[in-house]
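Notes follow the structure.
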Amino acid sequence: MAGKQTIQNHVIAYFAWRFDRPPSQFDRKTKVRDAFENDEAWEALADTFNDMLWMQQLGVKVAQSDMDDLSTIGDLTDLIAQKAGKKAKTLKGAEFAPPDEIHWPL
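Using my numbering, read the sequence shown as starting at 1019 and increasing by one per residue.
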């Protein structure tokens, strides 16, 4: 589960950056597909993910056609985790705490 959670954190980190929102506003059920102008823009997101370092570390590629049946962060996470298999457990990074656990230096 830790590997899948790390993948989900990476996916959430992308959408948090993309939509300039805190990661806490996203979860598995967030329907991110609705935010894209059309199917072509959504499918092109596969290429964006394929270019990310963490995806390259997993050795995973998402085809544009894979995006057809996806609409939520959970869908995308599950697809990547399935493709990564056991490699998912080796993935690092994109850990973030819920907002109430962040302690900013003064």
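We put the CB at the ideal spot given by N, CA and C, even for glycine. Note that the coordinates shown come from a computational prediction; the quantities given were computed from them, not determined experimentally.
K1049 sits in a strand when the DSSP states are folded into three classes. The bridge partners DSSP lists for T1066 come to none. A1064 places its beta carbon less than 9 angstroms from that of M1085. Residue burial annotation: L1071 is exposed, with fewer than 16 other C-beta atoms found within 10 angstroms of its C-beta. Boundaries cannot be given for M1085, as no alpha helix (DSSP H) includes it and DSSP labels it neither H nor E. The alpha-carbon separation between D1057 and R1046 amounts to approximately 21 angstroms.
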